[in-house]
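To keep things clear, I will list the structure first and then write my remarks on it.
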Amino acid sequence: MTTPILEVKGLCKLFRMKKGWLQQPHYVHALNGIDVSVYEGETLGIVGESGCGKSTLGKCILRLLDPVQGEIRFQGNEIGKMNKNEVRAVRRNMQMVFQNPFETLNPKLTIGHILTEPLIAHCVPREQRQALLEETIEIVGMSKQHLSRYPHEFSGGQRQRIGIARALILRPKLIIADEPVSALDVSIQSQILNLLQDLQEQFSLTYVFISHDLSVVEHIADKVAVMYLGEIIEFAEKEKLFGRPLHPYTQALLSAKPITDPDDTREQIVLSGDLPSPSNPPEGCKFHPRCRSRMEICKVELPKLSEKEGHSVACHLYQSFAAIDSS
Amino acid sequence: MNEVTKTVAHGATQAKSPIFPKLAFWGKIKQQRAAKLSLMVLLLISVIGIIGPWIAPYDPTESNYEAFLQGPSAKHVLGTDAIGRDLFSRILYGTRVTLVVAVMAVGITVAAGTMIGVISAYVGGFIDHLLMRIMDILLALPGIILALAIVAALGPSQTNAMIAIGISSIPSFARLIRAATLVIMSSGYVEASRSIGTPSWWIILFQVLPNITNVLFVYMTLFVGGAILDTAALGFIGLGAQPPTPEWGTMLNEGKDYLSDAWWLATYPGLAITIVVLAVNRLGDALRDIFDPRTQK
Amino acid sequence: MDNVLEVTGLTTRFSKESGTITVVDQLDLHVKRGETLGIVGESGCGKSATSLSLMRLLDNNATLTGSIRFNGKEVLTLSEAEMRSLRGKEMAMIFQEPMHSLNPVLTIGRQISEVLHEHEGDSKAAVKQRVLDLLTVVGISRAEEIYRDYPHRLSGGMRQRVMIAMAIACNPSLLIADEPTTALDVTIQAQILNLIKKIRKDIGMSVIMITHDLGVVAEVCDRVMVMYAGQAIETADVRSLLRNPKHPYTVGLLQSTPRQRAKRLHSIKGSVPTSENKPNGCRFAPRCDRVMTICWERNPVFHPVDQHSSCRCWLFTQDKDHDQESSVVGG
Amino acid sequence: MKQYLLNRMLSGVIVLLGISIFSFALVHFIPGDPVRIMLGEKATKAQVEQLREQMGLNQPLPHQYLTYIEKVIQGDFGTSLQTERPVIVEIMERFPATVKLAFAGIGIAVVIGLTMGIIAAKYKNTLLDFMLMAAASIGLSLPSFWLGLIIIMLFSVQLGWFPIAGGTGWKDLVLPACTLGVLSSAMISRLTRSGMVEVLSHDYIRTARAKGLRESIILFRHALCNVMIPVVTVVGLQIATLLGGAVIIEQVFNWPGIGTLAIRAISARDIPMIQGIVLLMGFVYVVVNMMVDLLYGLIDPRVDLITEKEGR
């Protein structure tokens, strides 16, 4: 087996919540020991509800946020400890597509200017720039004429295409897409998803695809990681995870997802209660207050992610996995 | 099917006011018109400031003991003061004094305030904390008192008044600019730019600055109005431009002793101040409304 | 026929500096007693404007024409005072953003009880007891505590429950829910949808569920109306719509919903026309893959296709010379 | 909540310390020898030396500052150079007059300003709104001293209804208080209007309408509470400013308050007096701000969240 293009090990990120000079600073564990890896040409889907830390994970991988602990290996290089300039160099091969196409394009700059920015930042020779610009804008399904226009002249779908063009123009190896279609309408969403899939084939891209929408992830991802309160609680290939979810949370998530089938006969698991606040998570397994199959041990001990046949899950129900494996 | 009852109803939130007609699309168009009008008034005033000395009928400092405390007449349009100087000429000359002092003062404010604000927001951390605490302390004193204290230290003169007014508005200007910069810094496009690997200088130059120029321009205009008022106030107290300089505040100070005998002395210079400040403020308000993203729908 | 709400030819226009724009165009709809009607469409299709028009909650630059008959009364001719006694009492509404829909400086208890004070005029103690009951009904366990609390201390799901409690306080006969779960997480969405279903059954009210999510429709609605660019383009009962959609737009919408099985998603080309820039003929013509010549020339009428569904499309119109009033609606 | 107040108090103390450094440093800002300037050119060398000794100017700076602070805490603000009376006595004599004027002025301003703002917002974009806001614009552009002069000319000189200037009775109070009130109401009314317009566009106002509430309840219960949050801040700031002496207005009406004292001290370069006034203003500012924060806590239940976000 080849080495993964991106490997994250034991990644932790804390946010400091300070209420005032007099109080002890309070820490929120946004990410707590994340292990995840992606192989070249794959799409890793990361799903979770708001506040589960999925966006933080994306930003840590790009070093837009500095992780507190853990390793991030990209193409074999540890980037968790690189200095600013080295990180900037790495970003040539690792780009990001953002959620909100309305906010992430500077309203004062033309599309051409916005797309040139990465070329200047990474010292692409001047004479190559124009050709790259024109080529890239056409790849994402727009035309050269659009380069001299401003972001407000475009619809949401077109802006997201521009965002993708910006990420693509340096021909990176890895693209982190943070909720790239959740601000878009369904009919536009499918255009963008198709575009992303085409680009992946054409440029053999690797995606880390972050989304709260299970259907979208199910459609686009090869492997899926489910997050809950800063931890990965289940990680497997798409078919396995959606075909036979193991973690009670994943099961609930899948059953809560409304589907367009009037004869839907799935048994619906409706979770009681709210997502606990990340600043004050429960003891033991963080899911236990809402879990319908909780046991005594869940209240005290945090289950570890253990793997069997390429399907990892962090739940006490399946802790015997590891035991069986090792015996 | 075609016989649909045609009834008309309006939204719920309408103000029921038959007496006060609703001005259609007052908001934006009005603002653009106001901006144009006040800009024209200001241009006119600036022109007067420049060519004032040539169109003034009399020397503003030359006293004429045969015509003191004369009311407005054909000879002296706005009357004369206690030592017979022509009020109209003095007001014309004063335009330049007032404008120069106010604009220079705001220049000081903007230069220092923008630097402090942008640095504070961009660098953050300890520097930000330190700078903002200092600004807090200076804000604790009313602007005019701060200006007075500085004038007291430096001694009363027109230049010192200018410096004092400039310095005394730095804290509030810096805070406004800092807030505006922070908004831009936290915007999606700056983050997107950082994610590409763009260097900091590029982000400041092409992402932050173009987006705060509007704000900067609006605040600058609004501060000019305040600076004119402060200049005149210092002059009025006797701590600004010194007599016989024809400064509007100073002229009011001289006029206040003749309230019962020569109403024009205490009226026209004040009117001049009000008109200039009003024009500047209207321009500032209009610019703010035009640039305000919330009104740009 | 027992209809709570009958709307005919509803047209909502906004006057703006650039001119008048029509956001809802000649809309007909009806809601039976105890029924849930779903209104589906993408952003800008006029579904929210429709809901606000029904309650007459639009800003004063909006003009409504047509007819809205609610429980036999013509809503559009009511005076503002009569309208007020209808709102919150007989027709109630919940909104998309539970974060912003509650007043941050008033307690939950106060915000719910003022509905009762306004419409029922009971004694203080009775109102309080009723509010506590309502909070329990919507599944808030610590009712006493929440009664005294402020909105910012509640989670999104809880706030939406409070909004529902407020809406059902006077047992309205119609609840309009404008994207009530869009801002919520999937697991919370399931809770809220279940709650709405349960309450509808318990107090026998009708619901208009406005959403962009066909999954939500499948979950809670009896009938569906699909809107596009300000017009209704298809109505049908849920089963027929999802199993056997007629209008090419509905078909496209269903096919572009991501599913695992499809390797490649169907997508509708182009983007939604803006309200200032609507095509002359059928509004969907520029994006339709079954477009015909007539589609560019005239807007089809809305008419029944079979006993289950009605649709606005030339593909299902036998008599193409049929005279229709809505064909010349330019942008 | 307690946490929030403690924090505000701590920053208040820091501001006070800063002010004390500023007022201490005033002496050293002055170009040239401060003692020479205070005493004038004609003073003898012995006199200069004596004053220098008396003010402790021979000591190293940190030492000077500490002695200064020590004295201030004991209530010793030094002696006025003009009147040779203790600074604290002079200030305390005049403070009541300033307080009277400040509260009368602000009272008028709040009443006029709130009323104008609410009416303008309620009748947004009508002729009435236009007229009220035009009036407010003019109010903001009027030089305070000029308005004062005009008012004196009209009501004292021409009509003779009120005394021209000088006393501290209620009749003397009317004109300066009205001048202050009119000027401050301009800002309050604009703030109230824009706040009101913004609040009225919020989703929770739509919710209130959907509940079928009466327009008056929406306006006064749902909207006004939220509008008061920024208004309280501004009114607080204004009170702080005015308590430090409505410098210009006091001068115009010859009102015997802190403002006239300040101008006199500054003109005469009465450094101990200036220092005392600056300290007093800082103190008043900090105290008023603390009260505003307290009020905030009462109006807005979200204050504990605000600090949390800021601190992040």
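If you're matching them up, the sequences are chains B, L, Y and S in order.
Count along the first sequence starting at 1, add 103, and that's the number in the working numbering.
Count along the second sequence starting at 1, add 17, and that's the number in the working numbering.
Count along the third sequence starting at 1, add 1, and that's the number in the working numbering.
Mapping to the working numbering: the fourth sequence position 242 is 227, numbers consecutive.
By construction, the Cβ of each residue, glycine as well, lies at the ideal position given by its N, Cα and C atoms.
Bear in mind that the values here come from a model prediction, so they are computed numbers and not experimental data.
Exercise for review: Could you check the C-alpha separation between residue 348 of chain B and residue 354 of chain B for me, to the nearest Å?
Suggested key: Within the first sequence, residue 348 of chain B is the residue found at index 245, counting from 1. Within the first sequence, residue 354 of chain B is the residue found at index 251, counting from 1. Going by C-alpha positions, residue 348 of chain B is about 6 Å away from residue 354 of chain B.
Check your understanding: In this structure, does DSSP put residue 245 of chain B in helix, strand or coil?
Key -> Here residue 245 of chain B is taken as the residue at index 142 of the first sequence, counted from 1. When secondary structure is reduced to three states using DSSP, residue 245 of chain B falls in the coil class, being assigned neither helix nor strand.
Check your understanding: Shorter than 9 Å from the beta carbon of residue 15 of chain Y to some beta carbon of chain S?
Key -> Position 14 of the third sequence, counted from the first residue, corresponds to residue 15 of chain Y. No Cβ of chain S is located within less than 9 Å of the beta carbon of residue 15 of chain Y.
Point to revise | CB contact check: residue 202 of chain S to chain A, cutoff 9 Å | key: Looking at the structure shown, chain A is missing, and the protein chains on hand are B, L, Y and S.
Practice item. Taking all protein chains shown into account, decide if residue 264 of chain B is buried (16 or more other Cβ within 10 angstroms of its Cβ) or exposed. Key: Sequence index remark: in the first sequence, residue 264 of chain B carries index 161 (1-based). Burial call: buried.
Review point. What residues from the stretch 216 to 242 of chain L come within 8 Å of chain B, judged by C-beta to C-beta, listed N to C?
Key: Listed by position along the chain: 216, 219, 223, 224, 227 and 228.
Review point. Out of curiosity, what's the CA-to-CA distance linking residue 171 of chain L and residue 61 of chain L?
Key: By one-based count along the second sequence, residue 171 of chain L stands at place 154. By one-based count along the second sequence, residue 61 of chain L stands at place 44. Spanning the two alpha carbons is a distance of roughly 34 Å.
Review point. Alpha carbon to alpha carbon, how far is residue 296 of chain S from residue 109 of chain Y?
Key: Here residue 296 of chain S refers to the residue found at position 311 of the fourth sequence. Here residue 109 of chain Y refers to the residue found at position 108 of the third sequence. For residue 296 of chain S, the pLDDT reaches just 31, beneath the cut-off of 50, and the residue's location in the model is therefore unreliable, leaving the point undetermined.
Exercise for review: Would you please verify whether the beta carbon of residue 129 of chain Y is less than 9 Å from any beta carbon of chain S?
Suggested key: Here residue 129 of chain Y refers to the residue found at position 128 when the third sequence is read from its first residue. Taking Cβ atoms only, chain S never reaches closer than 9 Å to residue 129 of chain Y, which makes this a no.
Exercise for review: Could you name the residues of chain B that residue 108 of chain L contacts, counting a contact when the two beta carbons are closer than 9 Å?
Suggested key: The residue labelled residue 108 of chain L in the question sits at position 91 within the second sequence. The premise fails here: residue 108 of chain L is roughly 42 Å from chain B at the closest Cβ pair, so nothing lies under 9 Å.
Check your understanding: From what residue to what residue does the beta strand (DSSP E) around residue 331 of chain B run?
Key -> For the purposes of this step, residue 331 of chain B is identified with residue 228 of the first sequence, where counting begins at 1. Per DSSP, residue 331 of chain B is one residue of the beta strand (DSSP E) stretching across 326 to 331.
Check your understanding: Cβ of residue 252 of chain L within 9 Å of Cβ of residue 258 of chain L?
Key -> Stepping through the second sequence from its first residue, residue 252 of chain L is reached at position 235. Stepping through the second sequence from its first residue, residue 258 of chain L is reached at position 241. Cβ distance < 9 Å, so residue 252 of chain L and residue 258 of chain L count as in contact.
**Study point:** Cut-off 8 Å between Cβ atoms - residues of its own chain near residue 124 of chain L, not counting five sequence neighbours on either side
**Key:** As a position in the second sequence, residue 124 of chain L is number 107, starting the count at 1. Counting only Cβ-Cβ distances below 8 Å, and skipping sequence neighbours, we find 183.
**Study point:** Neighbour flag for residue 164 of chain Y against chain B, beta carbons, 9 Å
**Key:** For this step, residue 164 of chain Y is matched to residue 163 along the third sequence. No, residue 164 of chain Y does not count as interfacial toward chain B.
Practice item. Quick one: list the residues of chain B neighbouring residue 210 of chain L, beta-carbon separation under 7 Å, in chain order. Key: Within the second sequence, numbered from 1, the residue matching residue 210 of chain L stands at position 193. Those within 7 Å of residue 210 of chain L in chain B are 220.
Review point. Are there three or more Cβ pairs, one per stretch, closer than 8 Å when the stretch 193 to 206 of chain L is compared with the stretch 262 to 279 of chain L?
Key: Proximity of the stretch 193 to 206 of chain L to the stretch 262 to 279 of chain L falls short of the contact definition, fewer than three beta-carbon pairs being nearer than 8 Å.
Exercise for review: Using the Cα positions of residue 67 of chain S and residue 240 of chain S, report the straight-line distance between them to the nearest angstrom.
Suggested key: Translated into positions along the fourth sequence, residue 67 of chain S becomes position 82. Translated into positions along the fourth sequence, residue 240 of chain S becomes position 255. Rounded to whole angstroms, residue 67 of chain S to residue 240 of chain S spans 19 Å at the Cα level.
Review point. According to DSSP, is residue 64 of chain Y helix, strand or coil?
Key: If you number the third sequence from 1, residue 64 of chain Y lands on position 63. Looking at residue 64 of chain Y - three-state DSSP - the assignment turns out to be strand.
Check your understanding: Where does residue 20 of chain Y sit, in a helix, a strand or coil, going by DSSP?
Key -> Counted from its first residue, the third sequence places residue 20 of chain Y at position 19. Residue 20 of chain Y: strand per DSSP, three-state reduction.
Check your understanding: With a Cβ-Cβ cutoff of 9 Å, do residue 117 of chain S and residue 178 of chain S count as a contact?
Key -> Translated into positions along the fourth sequence, residue 117 of chain S becomes position 132. Translated into positions along the fourth sequence, residue 178 of chain S becomes position 193. One thing to note: residue 117 of chain S has its Cβ within 9 Å of the Cβ of residue 178 of chain S.
Review point. Cβ atoms of residue 175 of chain S and residue 94 of chain S: under 9 Å apart, would you say?
Key: What you label residue 94 of chain S is simply residue 109 of the fourth sequence in a count that begins at 1. What you label residue 175 of chain S is simply residue 190 of the fourth sequence in a count that begins at 1. For residue 94 of chain S and residue 175 of chain S, no; Cβs fall outside 9 Å.
Check your understanding: Which residues, in chain order, does the stretch 243 to 271 of chain L contribute to contact with chain S at a C-beta distance below 8 Å?
Key -> For the stretch 243 to 271 of chain L, residues whose beta-carbon sits nearer than 8 Å to a beta-carbon of chain S comprise 246, 249, 250, 253, 254, 255, 256, 266 and 269.
Exercise for review: Flag this pair as yes or no: are the beta carbons of residue 192 of chain Y and residue 157 of chain Y separated by less than 9 Å?
Suggested key: As a working mapping, residue 192 of chain Y is identified with position 191 in the third sequence. As a working mapping, residue 157 of chain Y is identified with position 156 in the third sequence. Cβ distance not < 9 Å, so residue 192 of chain Y and residue 157 of chain Y don't count as in contact.
Point to revise | Under 9 Å by beta carbon: chain L residues contacting residue 232 of chain S | key: Within the fourth sequence, numbered from 1, the residue matching residue 232 of chain S stands at position 247. One finds 159, 161, 162, 165, 250 and 254 in chain L with Cβ atoms closer than 9 Å to the Cβ of residue 232 of chain S, taken in chain order.
Check your understanding: When we look at the beta-carbon of residue 75 of chain L and count the other beta-carbons within 10 Å, is it buried (16 or more) or exposed?
Key -> The count along the second sequence starts at 1 and reaches residue 75 of chain L at position 58. Answer is buried; the Cβ neighbour count reaches 16.
Exercise for review: Quick one: give me the first and last residue of the beta strand (DSSP E) that residue 163 of chain B is part of.
Suggested key: For this step, residue 163 of chain B is matched to residue 60 along the first sequence. If you look at residue 163 of chain B, you'll find it isn't in any beta strand (DSSP E); it sits in the alpha helix (DSSP H) that goes 157 to 164.
**Study point:** Integer-rounded CB distance, given that residue 30 of chain Y should sit under 8 Å from residue 233 of chain Y
**Key:** For the purposes of this step, residue 233 of chain Y is identified with residue 232 of the third sequence, where counting begins at 1. For the purposes of this step, residue 30 of chain Y is identified with residue 29 of the third sequence, where counting begins at 1. About 7 Å separates the two Cβ atoms, so the contact holds.
Check your understanding: Between B:187, B:298, B:280 and B:134, which lies nearest to residue 333 of chain B when the distance is taken from Cα to Cα?
Key -> As a first step, residue 333 of chain B must be located in the first sequence, where it is residue number 230. Comparing alpha-carbon positions, the option among B:187, B:298, B:280 and B:134 lying closest to residue 333 of chain B turns out to be B:134.
Point to revise | Chain-ordered chain B contacts of residue 254 of chain Y [CB-CB under 8 Å] | key: For the purposes of this step, residue 254 of chain Y is identified with residue 253 of the third sequence, where counting begins at 1. In chain order: 289 and 290.
Point to revise | Backbone CA spacing between residue 191 of chain S and residue 63 of chain Y [nearest angstrom] | key: If you number the fourth sequence from 1, residue 191 of chain S lands on position 206. If you number the third sequence from 1, residue 63 of chain Y lands on position 62. Whole-angstrom Cα-Cα distance: 15 Å.
Exercise for review: Anything in chain L within Cβ reach of residue 224 of chain B, meaning under 9 Å, just list it in chain order.
Suggested key: Position 121 of the first sequence, counted from the first residue, corresponds to residue 224 of chain B. Within chain L, the residues near residue 224 of chain B are 210, 213, 214, 215, 216 and 219.
Point to revise | Proximal residues, the stretch 85 to 102 of chain L versus chain S, C-beta separation under 7 Å | key: Of all residues in the stretch 85 to 102 of chain L, none is placed with a Cβ closer than 7 Å to any Cβ belonging to chain S.
Check your understanding: So, helix, strand or coil for residue 310 of chain B, using DSSP?
Key -> Against the first sequence, residue 310 of chain B aligns to sequence position 207. Residue 310 of chain B falls in the strand class under three-state DSSP.
Review point. Do we get a CB-CB distance below 9 Å when we pair residue 43 of chain Y with the residues of chain B?
Key: Working through the third sequence from its first residue, we reach residue 43 of chain Y at position 42. At least one beta carbon of chain B lies nearer than 9 Å to the beta carbon of residue 43 of chain Y.
Review point. If you run the structure through DSSP and keep just helix, strand and coil, what is residue 172 of chain Y?
Key: Sequence index remark: in the third sequence, residue 172 of chain Y carries index 171 (1-based). Under the three-state reduction of DSSP output, residue 172 of chain Y falls in the coil class, being neither helix nor strand.
Practice item. Report the neighbours of residue 298 of chain S on chain L: residues whose CB is nearer than 7 Å to its CB, in chain order. Key: Examination of residue 298 of chain S is not possible in this model, given that chain S is present from -14 through 297 alone.
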